[in-house]
Amino acid sequence: MQTFVKISLSAVLAFQLIAAAPLAAQTRVSIGVTETIETHNPYGDSVSLLYGIWSEVTGPFCTYNYVKGDFEGRLAERWKVESPTIWVFYLNKNYKFNDGSPVTADDVVHSLTRRVIGDPQSKQKASVAGPIVKAEAVDRYTVKFITDKPAAPLLSFVCDRLIVTSKAIFDKHGRDAADRNYMLGGGPYSLKELVPGQRLVIAKRKDHPEAKKNPRAPDEIVYRVMRETEQRVTALLNDEIQIAQFIPPHLRHRVEKAPNLRITPVDSIEIMFLAMQPKPPFDKKEVRQAVCHAINRDQIIKTLLEGFASRLDGPIGPGQYGYDPNLKPKMNYDPEKAKKLLAQAGYPNGVDVELQTPVGRYTLDKQITEAMVPMLNAVGIRTRLLTPEWPTLWANVQKGLVPFYYMGRGSVQDPSAALHQYFHTGDTPRIGYSNPKLDELLDKEQAEFDPKKRRQYLSQAMSLLTEEAPACFMWRHKLLWGLHKRVDYKPLPDGRIYGIDMKVTR
Amino acid sequence: MAAYLTSRLLGTVPVILLISLLVFGLIHAAPGDPTLMLLGEETNAEAVARAREHWGLDRPLYVQYLKFLASTLAGDFGTSFKFGEPVSGVIRQRLPATVELALCSIVIAVLLAIPLGVWAGAKPNSWIDNLGTTFGLFGISMPSFWLAIMLILLLAGTLNILPTSGRSTYGVAGPEITGFYLIDSLLQRNAAAVWDALTHVFMPALALGVNMLGILMRVTRSAVLEVMNEEYVVTARSKGLAERAVIWRHAASNALIPVITVVGLELGTLLSGSIIVETVFAWPGSGSLLISALNARDYPLVTGLVMVYTAAFVLINLIIDALYAVVDPRIRY
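If you read the protein sequences in the order shown, they are chains V and E.
Residue numbering for the first sequence follows this note's numbering, beginning at 28 and increasing consecutively.
Residue numbering for the second sequence follows this note's numbering, beginning at 877 and increasing consecutively.
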């Protein structure tokens, strides 16, 4: 029996060595990711992770530097605002497609107008083009974006999102073949393999200007779809993957105990909030404020979230554009004040409401809202928790059919788009709030190109929002990343993963 | 036989039509809107309206159904909202993974369940019978998603002998020929890829097959137990045949009919069970595709997948009926 076991184990080892042999020559980082990767069309999805991956293949147009708190150039090395509705971008002449041809203004115009705006299969029009109505090539390396109205936050639409693909290849092969068989990009990595639903592999272009700046960036990056948390943690412990996205707080100890692994927490730029439509009883400002004062955010962060969240005293937090640490008022936990506000609003005997939450979409969403229910009940807001399936809840929120819900808004580098979307009159029915004074401030910030003045308008708007409380701003989760110690990388708050920023030890 | 099969095939037409109507109606009645699911949280009313028009969602429901029916009859399920590619192509790309997984599950289940069931049935109340019955109960009671996580923790985690997920290791397999990794690797005589495919398929196949194993073991045991007192078994014994020959040649072979029925029925269950197991193991098959399509409210892809599953069920039942005649000479159509 022992001999049989020995022979079997030897065979297993031999097979594993054979399997591993062709892979030993390069540095490779495998990353367990939570999003599915399904299509070859780089414009076919609108999620952070894929914007990051495709940006790395096609070259980020420009990028947000979280350390500086500002945008900086990549493929578009610099830009200027020619007039309130015209932005001019100057391209880096050293960016070349995999076939050696330069990335030109024509490619940018083609990508924006034909792929993002014009292609019905594109899912990115609203997220990437936003206010852009037209793009024109000024010369071979200069491109002009024309917006329908003054758009000061334009960079937040195009940076880390605008994917630039080759016009020549598209014209020659057509959309599907160009994406599937001839994926050319001007970025520091090239697409090597995509197995839909399983993995995507990119390989470093050693001659790329960005790659030359960081020779220790991994030669290959394998993005592996791993939606189960147990799976990501186990794979990380086994060295099957070297980076695991989003480890839930209760599993972090398993990673921390491993000598070769570490946990890196990162403040997400997704803002979590409780939204209240201004319909009875939330048509009364006092009721909305009572909700905000009733919830002990610090306790939820300390206990349920084990400290892995940053409390929000306003719509955004540190590192996000326009953050003002002195923003007032602060909606502190004060149940007595909440009771008084409820009585002032005409509900001295309390009021019945229904709170809706997604389940499993955000960290501990159901458990968190379950913890909120007794807090709300304690001040007289008798709450029934509903947990509809995500597509149902999301569709109803988008149609303005949910009066009270727990939600997150991701990708808030610059809060302008999010604030307009949720709080500007008529933009979307998600909350249905309307306040002419707030509209005026939001319109002003969007048209103001002086950063100092724009920050002031944003600050005033966010202060008014906190006071009026159409939403209670809760926290930003700290996302926990599991990393192998041979990978030196600081994950980004927006969930994008840039291999070119990694340093790998063999 | 041919006339019987033809009439059975014709009988499936109204079934498939009814199912197409049900699926189409149910998916459209479900709350949620594909445009809102697929265009991202920053979308606006103009983009939503444009997508609705492009996908034909602005037309009356009966027009959408008739269009779907017409294209389905022509062998085309339409274009996936999410992928922007023909549904038939997307399914074709993902179906081999599911079929491979289901077949491996059956192999595991049949190879273990039949010997165990026959042995348990032939030796009632023995230790092997008790062991088999307990094992069968375990298999039937175990939810596959829980078992899947436990297997990951044990075999990939504690013992670290199998990969946690996926269908293959990057860089090991050669180019795709049939879409069945095991067959492709064998055709290419790539030993490393064969081993890689086996190590990847083992855990999901086990998680998927354990339930079938339990059911099959119990059915086999009951069937063998029933025939063990039949006169032809007594005759076989009285002829002086070895006990092994009595059990396998005379008892087991006659107990096979209910087992075949169960295998057929369970094959259909395996297809639906794979939806959960594929998701847990990141297995890129049609099960995980269906979940993804449902979450995105990708109507054409959901209806296309359900139609394929329906056709598979019908076909399997037909094959099982045909097999009865092969296994039991008394049955003639």
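Just so you know, even glycine gets a beta-carbon here, dropped at the ideal spot from N, CA and C.
Fill in: Own chain, CB closer than 8 Å to residue 906 of chain E, minus 5 neighbours either side, in chain order
Locating residue 906 of chain E in the second sequence gives position 30, where the first residue counts as 1. Here the set comprises 1173.
Practice prompt. Measure the alpha-carbon distance for residue 964 of chain E versus residue 253 of chain V and round it to whole angstroms.
Written response: Locating residue 964 of chain E in the second sequence gives position 88, counting from the first residue. Locating residue 253 of chain V in the first sequence gives position 226, counting from the first residue. In a straight line, the C-alpha of residue 964 of chain E is about 26 Å away from that of residue 253 of chain V.
Fill in: For residue 404 of chain V, the nearest candidate out of V:188, V:366, V:388, V:430 (CA to CA)
As a working mapping, residue 404 of chain V is identified with position 377 in the first sequence. The candidate whose alpha carbon is nearest that of residue 404 of chain V is V:366.
Discussion item. Classify residue 92 of chain V: buried if its beta carbon has 16 or more other beta carbons within 10 angstroms, exposed otherwise.
Written reply: Against the first sequence, residue 92 of chain V aligns to sequence position 65. Flag for residue 92 of chain V reads exposed.
Practice prompt. State yes or no: is the C-beta of residue 164 of chain V within less than 8 Å of the C-beta of residue 205 of chain V?
Written response: Counting from one through the first sequence, the residue named residue 164 of chain V turns up at place 137. Counting from one through the first sequence, the residue named residue 205 of chain V turns up at place 178. Not a contact, by the Cβ cut-off of 8 Å.
Item to complete: Please check if any C-beta of chain V sits within less than 8 Å of the C-beta of residue 958 of chain E.
Response: Within the second sequence, residue 958 of chain E is the residue found at index 82, counting from 1. For residue 958 of chain E, the answer is yes, since a Cβ of chain V falls inside 8 Å of its Cβ.
Discussion item. Between residue 42 of chain V and chain E, is any beta-carbon pair separated by less than 8 Å?
Written reply: On the first sequence, residue 42 of chain V is found 15 positions in, with the first residue counted as 1. Interpretation of residue 42 of chain V is limited by its pLDDT of 49, a score under 50 that renders its predicted location unreliable; the figure taken from the coordinates is listed afterwards. Yes, residue 42 of chain V lies at the interface with chain E (some Cβ there is under 8 Å from its Cβ).
Practice prompt. Could you give the DSSP three-state label for residue 457 of chain V: helix, strand or coil?
Written response: By 1-based counting over the first sequence, the position of residue 457 of chain V is 430. Three-state DSSP puts residue 457 of chain V in coil, outside helix and strand.
Worksheet item: To the nearest angstrom, how far is it from the Cα of residue 990 of chain E to the Cα of residue 510 of chain V?
Response: Start at 1 with the first residue of the second sequence, and residue 990 of chain E comes out as number 114. Start at 1 with the first residue of the first sequence, and residue 510 of chain V comes out as number 483. Straight-line Cα distance between these residues: approximately 46 Å.
Fill in: Short CB-CB distance (under 8 Å) between residue 1010 of chain E and chain A
Checking the listed chains, one finds no chain A in this structure; the protein chains it contains are V and E.
Practice prompt. Find the residues of chain E that neighbour residue 114 of chain V, judging by a C-beta separation of less than 7 Å, and give them in chain order.
Written response: Mapped onto the first sequence, residue 114 of chain V falls at position 87. Per Cβ cutoff of 7 Å: no residues; residue 114 of chain V is ~19 Å from chain E at best.
Worksheet entry | Selected residue, minimal CA-CA separation from residue 894 of chain E, among E:1198, E:1195, E:1186 | On the second sequence, position 18 is the one that residue 894 of chain E refers to. Nearest of E:1198, E:1195, E:1186 to residue 894 of chain E, Cα basis: E:1186.
Discussion item. Which residues does DSSP list as the beta-bridge partners of residue 902 of chain E?
Written reply: Counting from 1 along the second sequence, the entry for residue 902 of chain E is found at position 26. Residue 902 of chain E is not bridged to any residue.
Worksheet item: Between residue 135 of chain V and residue 84 of chain V, which are expected to be in contact by the criterion C-beta below 8 Å, what is the C-beta distance as a whole number of angstroms?
Response: Within the first sequence, residue 135 of chain V is the residue found at index 108, counting from 1. Within the first sequence, residue 84 of chain V is the residue found at index 57, counting from 1. Not confirmed; about 16 Å, so no contact.
Practice prompt. Leaving aside the five residues before and after residue 283 of chain V along the sequence, list all residues of the same chain whose C-beta is less than 7 Å from its C-beta, in chain order.
Written response: Counting from 1 along the first sequence, the entry for residue 283 of chain V is found at position 256. Hits under 7 Å: 290.
Worksheet entry | Per-residue burial, residue 476 of chain V [other beta carbons within 10 Å of its own, 16 or more giving buried] | Taking the first sequence and counting its residues from 1, one reaches residue 476 of chain V at position 449. Burial call: exposed.
Worksheet entry | Below-8 Å beta-carbon distance, residue 353 of chain V vs any chain E residue | On the first sequence, position 326 is the one that residue 353 of chain V refers to. Judged by the 8 Å Cβ criterion, residue 353 of chain V is not in contact with chain E.
Fill in: beta strand (DSSP E) runs wholly inside the region 1022-1102 of chain E, at least 3 long, in chain order
The qualifying runs do not exist here; there are none.
Worksheet entry | Segment limits, beta strand (DSSP E) that includes residue 509 of chain V | Numbered from its first residue, the first sequence carries residue 509 of chain V at position 482. Residue 509 of chain V -> beta strand (DSSP E) spans 498-511.
Worksheet item: Assuming residue 68 of chain V and residue 151 of chain V make a contact with CB atoms under 8 Å, what is their CB distance in whole Å?
Response: Along the first sequence, one-based indexing puts residue 68 of chain V at 41. Along the first sequence, one-based indexing puts residue 151 of chain V at 124. Actually they do not touch by this definition, with Cβ atoms about 10 Å apart.
Worksheet item: Once you ignore the five residues that flank residue 998 of chain E on each side, which residues in its own chain have a CB closer than 7 Å to its CB?
Response: Within the second sequence, residue 998 of chain E is the residue found at index 122, counting from 1. Non-local beta-carbon contacts of residue 998 of chain E in its own chain, meaning distances under 7 Å to residues more than five positions away in sequence, involve 1100, 1104, 1123, 1127 in chain order.
Fill in: N-terminal and C-terminal residue of the alpha helix (DSSP H) that residue 490 of chain V is part of
In the first sequence, residue 490 of chain V corresponds to position 463, counting from 1. Annotation: the continuous alpha helix (DSSP H) that includes residue 490 of chain V extends over 478-495.
Worksheet item: Given a threshold of 16 other Cβ atoms within 10 Å of its Cβ, counted over all protein chains shown, does residue 201 of chain V qualify as buried or as exposed?
Response: What you label residue 201 of chain V is simply residue 174 of the first sequence in a count that begins at 1. Of the other Cβ atoms in all chains shown, fewer than 16 fall within 10 Å of the Cβ of residue 201 of chain V; this residue is therefore exposed.
Worksheet item: If you compare alpha carbons, which of E:1009, E:1129, E:1095 is closest to residue 1205 of chain E?
Response: As a position in the second sequence, residue 1205 of chain E is number 329, starting the count at 1. For the set E:1009, E:1129, E:1095, the Cα lying nearest the Cα of residue 1205 of chain E is the one of E:1129.
Worksheet item: Opposite residue 222 of chain V in the DSSP bridges: which residues?
Response: As a working note, residue 222 of chain V is residue 195 in the first sequence. In DSSP, residue 222 of chain V forms a bridge with V:226.
Worksheet item: Where does residue 877 of chain E sit, in a helix, a strand or coil, going by DSSP?
Response: Taking the first residue of the second sequence as position 1, residue 877 of chain E is located at position 1. Coil.
Practice prompt. Count the other C-beta atoms from every protein chain shown that fall within 10 angstroms of the C-beta of residue 846 of chain E, then say buried if there are 16 or more, exposed otherwise.
Written response: This structure cannot speak to residue 846 of chain E, because chain E is shown only from 877 to 1209.
Worksheet item: So what's residue 117 of chain V in DSSP terms, helix, strand or just coil?
Response: On the first sequence, position 90 is the one that residue 117 of chain V refers to. Of the three classes helix, strand and coil, the one that applies to residue 117 of chain V here is strand, per DSSP.
Discussion item. Against chain E, with Cβ distances strictly below 8 Å, would residue 252 of chain V count as a contact?
Written reply: The sequence position of residue 252 of chain V within the first sequence is 225, counting from 1. The beta carbon of residue 252 of chain V falls within 8 Å of a beta carbon belonging to chain E, placing the residue at that interface.
Discussion item. Looking only at its chain, what residues have a beta carbon closer than 7 Å to the beta carbon of residue 499 of chain V, apart from the 5 residues adjacent to it on each side?
Written reply: Taking the first residue of the first sequence as position 1, residue 499 of chain V is located at position 472. The beta carbon of residue 499 of chain V sits closer than 7 Å to those of 300, 301, 318, 319, 322, 358, all from its chain and outside the five residues before and after it, given in chain order.
Discussion item. Closer than 9 Å between beta carbons: that is the criterion. Which residues of the region 959-973 of chain E meet it against chain V?
Written reply: The residues in question are 959, 960, 961, 966, 969, 970, 973.
Worksheet item: Mind checking if residue 287 of chain V is an interface residue toward chain E, Cβ cutoff 8 Å exclusive?
Response: Counted from its first residue, the first sequence places residue 287 of chain V at position 260. No, no contact with chain E.
Practice prompt. Report the option in E:901, E:1028, E:928 whose CA atom is closest to the CA atom of residue 909 of chain E.
Written response: Within the second sequence, the letter at position 33 stands for residue 909 of chain E. That would be E:928, whose Cα lies nearest to the Cα of residue 909 of chain E.
Worksheet item: With a Cβ-Cβ cutoff of 8 Å, do residue 440 of chain V and residue 521 of chain V count as a contact?
Response: Looking up residue 440 of chain V in the first sequence gives position 413. Looking up residue 521 of chain V in the first sequence gives position 494. Yes, these two residues count as a Cβ contact at 8 Å.
Worksheet item: Rounded to whole angstroms, how far is the Cβ of residue 117 of chain V from the Cβ of residue 130 of chain V, which I believe are closer than 8 Å?
Response: Your numbering for residue 117 of chain V matches position 90 in the first sequence. Your numbering for residue 130 of chain V matches position 103 in the first sequence. Contact flag wrong, Cβ pair sits at about 13 Å.
Practice prompt. Classify residue 533 of chain V as buried or exposed, calling it buried when 16 or more other Cβ atoms lie within 10 Å of its own Cβ.
Written response: Residue numbering aside, residue 533 of chain V sits at position 506 when the first sequence is read from its first letter. Exposed: under 16 other Cβ atoms inside 10 Å.
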